[in-house]
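Colleague:
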């Protein structure tokens, strides 16, 4: 007999306090429009504390990202008692007392201020799967092996076990390839140049630590950063001779600011060392952005990428694929649509819509009493006991603060408050937070009546998107019969900054079916090459395909930090651990980009991206979700060998193969002449070249093993070719630049 848990909730009257009206907060509408919804929420809550307490309230410092036209921003920040961190074109990060934010926003040179967000942490077989082994082995047309030498791979992560042997120089156990560590959590030692927090450690410091440890106090106790760095740049990784720079992220509530500071730090190090650089971001956030590429973090990355060739940022897609953390994306009707936003606890829901819908979308919050059978996920009965007034997005947006509503249990005891705060995210987009405040959680004792079960209701016309902090729990209870319910989904869940236009966004697939752990047991997983069910799904809200491609991210073996506590069943030896996540897929791409930049150090972001997405591997597994590109696989599986000019052929009998020295196409890319070297010419082979639209632009016969085409007058772009003859068809691609 299934156990039935009956939950009851009765709410009292909703009392709109209407606190923080424009007069009270002293925030003119033009200033309010510059501050995003989360920052308005923080200011609003701070003012609530001041009004509710007779004693003085501490004025906390918060970190923000802002956009400015000022050419003397340092003085402007100091004027408002702030500390400037990063300046990246028009995008800056800084720290302010929360009480000074409004005055700073009122400065005419300030365009937009965005709150920070907490960010989420998101290779044996893998080297073969992405074609890196062929690149290491010199099987490219020019015969040169590439291992990432002379390239800086930067990481913003949990830190690094700098004594791990995977990060030493090849053949030299006494010297490290770690050139710098910025520990953002260190409050004692020497700060890095241009940054006013954390501590910096140099390559010389790390080399000294190898022989006489005890000075550097940066330790990767989580192990995430060490694993990620090992995949991209370990001696067993994708770019085993690349130099390494680790930013040990301070991931508090201001994690997004610290992440952008970290990227800027890596960018400055690349300039200082005069080397190409690829940045790995196996971290990200769902909140504070419309997922349309216009987040200030993404615009900061775009600014850096535009200013310097040979600088590429790779970001993990995220692990939201099964979390059902998104709702919306559909057209509202005048009839009410609703969904559960969370159950039994605090919640914070983030909403965006295009500003054109501000006067046509209405929102409300309900609290319900449910009788439930949790074993069968069955809702036995439901009754609505409370609903807030309907509020128009336009009206909420015009408030300098927000709307707050008191909610009480049926016995008169307070259940807390619900707050609505809306603002202009940018000139075309509105954002809003719906959040509980001073929530008094239900008592989990049996038969107690305190239970918070909230619903969000929408009506009107237009399209919106919302993201919750995690799985919405009751949203998936399929026995709920109501034509108005619109369930959560996992679309639009690519994390920021993966939705950026100048970011390579990497999804995850299964690297290998099984592995033998330290206990001698075989751990068996899913089919090799299948898309990981956890990997986040696109598109962006402005309709772009994301992720860009997939890489190995499930059952990935890499470097284990000695400071992390790991169960033996996840280890393959004392130095190696098996993890999974899009966090693990991203460094595969970062290492691959390092190989590409070693050959083409001045390549632009667009050149790197085009080379990769035009040469991905495709098969029946990548086509399970429809024709490529799609919003699960992107353009297919990463193959850096093909992206760098390694050629595959198609045989009518045998299928796809890497042909190594059988066929070479060089130089690739080319600006003048492209040479085809083919060892199997019999005198009757036909070479046909097609443009990106599939139109034949050249047709010749190959009379000997080497054939040249003059492409100096051709339009720049990607071209495919076919060599046919003797019952075989060989194909590949080259780029004219």
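Residue numbers (our numbering): 211 to 947.
Where a beta carbon is used, it is the ideal one built from N, C-alpha and C, also for glycine.
#1: Report the three-state DSSP secondary structure of residue 537 (helix, strand or coil).
#2: With DSSP as the reference, identify every bridge partner of residue 911, one or two as the case may be.
#3: One question on the structure: do residue 372 and residue 391 come within less than 8 Å of each other, judged by their Cβ atoms?
#4: Apart from the five residues on each side of it in sequence, which residues of its chain come closer than 6 Å, Cβ to Cβ, to residue 369?
#5: Between which two residues does the beta strand (DSSP E) carrying residue 717 extend?
#6: Would you list the one or two residues that DSSP bridges to residue 675?
#7: Going by C-alpha to C-alpha distance, which of 879, 939, 289, 925 sits closest to residue 894?
#8: So residue 929 is in the beta strand (DSSP E); what residue range does that whole segment cover?
#9: Taking the alpha-carbon positions, what's the residue 529 to residue 667 distance?
#10: Can you check the stretch 462 to 488 for any alpha helix (DSSP H) of at least 4 residues that lies completely inside it and give the ranges in chain order?
#11: Let me make sure I understand the geometry here. Which of 838, 282, 812, 714 has the alpha-carbon closest to that of residue 798?
#12: Whose C-beta lies closer than 8 Å to the C-beta of residue 283 among residues of the same chain, with five residues either side of it excluded?
#13: Do residue 433 and residue 774 have their C-beta atoms within less than 8 Å of each other?
#14: Quick one: residues in its chain with C-beta nearer than 8 Å to the C-beta of residue 531, no 5 flanking neighbours on either side, listed in chain order?
#15: Evaluate the contact criterion for the stretch 600 to 607 versus the stretch 780 to 794: three or more CB pairs, one atom per stretch, below 8 Å.
#16: Assuming residue 928 contacts residue 943 (C-beta within less than 8 Å), just tell me the rounded distance between them.
#17: Exposed or buried, residue 285, counting other C-beta atoms within 10 Å across all chains shown (16 or more means buried)?
#18: Name the one or two DSSP bridge partners that residue 307 has.
#19: Identify, in the order they occur along the chain, each residue of the same chain with its Cβ nearer than 7 Å to the Cβ of residue 739, setting aside the five sequence neighbours on each side.
#20: Would you give the residue range spanned by the alpha helix (DSSP H) that residue 848 belongs to?
#21: Does the beta-carbon of residue 456 have 16 or more other beta-carbons within 10 angstroms, so that it is buried, or is it exposed?
#22: If you measure between the beta carbons of residue 812 and residue 778, is that distance less than 8 Å?
#23: If you run the structure through DSSP and keep just helix, strand and coil, what is residue 627?
#24: Go ahead and label residue 517 buried or exposed: buried means 16 or more other beta carbons lie within 10 angstroms of its beta carbon, across all protein chains shown.
#25: What residues match up with residue 634 in a beta bridge as DSSP calls it?
#26: What residue from 835, 829, 818 has the CA that sits closest to residue 850's CA?
#27: Beta-carbon within less than 8 Å of residue 465's beta-carbon, same chain only, minus the 5 sequence neighbours each way: which residues are those?
#28: Taking the Cβ atom as the reference point for each residue, do residue 489 and residue 476 lie within a distance shorter than 8 Å?
#29: Output the distance between the C-alpha atoms of residue 426 and residue 520, rounded to the nearest integer angstrom.
#30: Would you report the Cα separation of residue 669 and residue 575, rounded to the nearest angstrom?
#31: Below 6 Å CB to CB, which residues in the same chain sit around residue 796 once its five sequence neighbours on both sides are set aside?
#32: Starting from the C-beta of residue 359, find all residues in its chain whose C-beta is less than 8 Å away, skip the five residues before and the five after it, and write them out in chain order.
#33: Cutting at 6 Å between CB atoms, please list the residues of its own chain near residue 280, excluding the five before and the five after it.
#34: For residue 512, count neighbouring C-beta atoms within 10 Å of its own C-beta (all shown protein chains included) and say buried if the count is 16 or more, exposed if not.
#35: Would residue 633 pass as a contact of residue 607 if the rule is Cβ separation under 8 Å?
#36: Within 10 angstroms of the Cβ of residue 883, are there 16 or more other Cβ atoms? Answer buried if so, exposed if not.
Modeller: Well, looking at it:
#1: One-based indexing of the chain shown puts residue 537 at position 327. Here residue 537 sits in strand by DSSP.
#2: Along the chain shown, read from residue 1 onward, the residue named residue 911 stands at position 701. DSSP lists 896 as partners of residue 911.
#3: Position 162 of the chain shown, counted from the first residue, corresponds to residue 372. Position 181 of the chain shown, counted from the first residue, corresponds to residue 391. Closer than 8 Å, so yes.
#4: Indexing the chain shown from 1 puts residue 369 at position 159. Counting only Cβ-Cβ distances below 6 Å, and skipping sequence neighbours, we find 428, 430, 435, 458.
#5: What you label residue 717 is simply residue 507 of the chain shown in a count that begins at 1. Counting along the chain, the beta strand (DSSP E) containing residue 717 begins and ends at 714 to 720.
#6: Locating residue 675 in the chain shown gives position 465, counting from the first residue. DSSP lists 538, 562 as partners of residue 675.
#7: Here residue 894 refers to the residue found at position 684 of the chain shown. Comparing Cα positions, the closest option is 939.
#8: Taking the chain shown and counting its residues from 1, the one referred to as residue 929 is at position 719. Residue 929 -> beta strand (DSSP E) spans 927 to 935.
#9: What you label residue 529 is simply residue 319 of the chain shown in a count that begins at 1. What you label residue 667 is simply residue 457 of the chain shown in a count that begins at 1. Distance between the alpha carbons of residue 529 and residue 667 is about 27 Å.
#10: 465 to 483
#11: Looking up residue 798 in the chain shown gives position 588. Residue 798 has its Cα closest to that of 714, out of 838, 282, 812, 714.
#12: Indexing the chain shown from 1 puts residue 283 at position 73. Only 294, 297, 302, 319 meet the Cβ criterion.
#13: Residue numbering aside, residue 433 sits at position 223 when the chain shown is read from its first letter. Residue numbering aside, residue 774 sits at position 564 when the chain shown is read from its first letter. It is a contact, given that the beta carbons lie within the stated cut-off.
#14: On the chain shown, residue 531 is found 321 positions in, with the first residue counted as 1. 700, 703, 742, 743, 744, 745, 746, 747.
#15: no
#16: To locate residue 928, count along the chain shown from 1; it is residue 718. To locate residue 943, count along the chain shown from 1; it is residue 733. Confirmed, about 6 Å.
#17: As a working note, residue 285 is residue 75 in the chain shown. Flag for residue 285 reads exposed.
#18: Here residue 307 refers to the residue found at position 97 of the chain shown. Residue 307 is bridged to 271.
#19: Position 529 of the chain shown, counting from 1, holds the residue named residue 739. These residues qualify, in order along the chain: 719, 720, 831.
#20: Counting from one through the chain shown, the residue named residue 848 turns up at place 638. Run containing residue 848: none; DSSP gives neither H nor E here.
#21: If you number the chain shown from 1, residue 456 lands on position 246. So residue 456 counts as buried.
#22: If you number the chain shown from 1, residue 812 lands on position 602. If you number the chain shown from 1, residue 778 lands on position 568. Not closer than 8 Å, so no.
#23: If you number the chain shown from 1, residue 627 lands on position 417. Three-state DSSP puts residue 627 in a strand.
#24: Mapped onto the chain shown, residue 517 falls at position 307. Exposed is the call here.
#25: Looking up residue 634 in the chain shown gives position 424. Looking at the DSSP assignment, residue 634 forms a beta bridge with 640.
#26: Looking up residue 850 in the chain shown gives position 640. Of the candidates 835, 829, 818, the one whose C-alpha sits nearest the C-alpha of residue 850 is 818.
#27: Here residue 465 corresponds to residue number 255 of the chain shown, with the count starting at 1. For residue 465, where only same-chain residues beyond five positions count, the Cβ hits under 8 Å are 326, 327, 328, 329, 459, 493, 495.
#28: What you label residue 489 is simply residue 279 of the chain shown in a count that begins at 1. What you label residue 476 is simply residue 266 of the chain shown in a count that begins at 1. Result yes, Cβ atoms of residue 489 and residue 476 sit closer than 8 Å.
#29: Here the question's residue 426 lines up with position 216 in the chain shown. Here the question's residue 520 lines up with position 310 in the chain shown. Those two C-alpha atoms are separated by around 31 Å.
#30: To locate residue 669, count along the chain shown from 1; it is residue 459. To locate residue 575, count along the chain shown from 1; it is residue 365. Looking at the two C-alpha atoms, the distance is approximately 12 Å.
#31: In the chain shown, residue 796 corresponds to position 586, counting from 1. Closer than 6 Å at the Cβ level, and outside the excluded window around residue 796, lie 490, 492, 524, 526, 716.
#32: For the purposes of this step, residue 359 is taken as the residue at position 149 of the chain shown. Excluding positions up to five away in sequence, the list reads 451, 452, 808.
#33: Sequence index remark: in the chain shown, residue 280 carries index 70 (1-based). Around residue 280: 286, 319.
#34: Residue 512 sits at position 302 when you count from the first residue of the chain shown. Counting Cβ neighbours within 10 Å, residue 512 comes out buried, since at least 16 surround it.
#35: Indexing the chain shown from 1 puts residue 633 at position 423. Indexing the chain shown from 1 puts residue 607 at position 397. Their beta carbons are under 8 Å apart, which means residue 633 touches residue 607 by this criterion.
#36: One-based indexing of the chain shown puts residue 883 at position 673. Looking at its Cβ environment, which holds fewer than 16 other Cβ atoms inside 10 Å, residue 883 is exposed.
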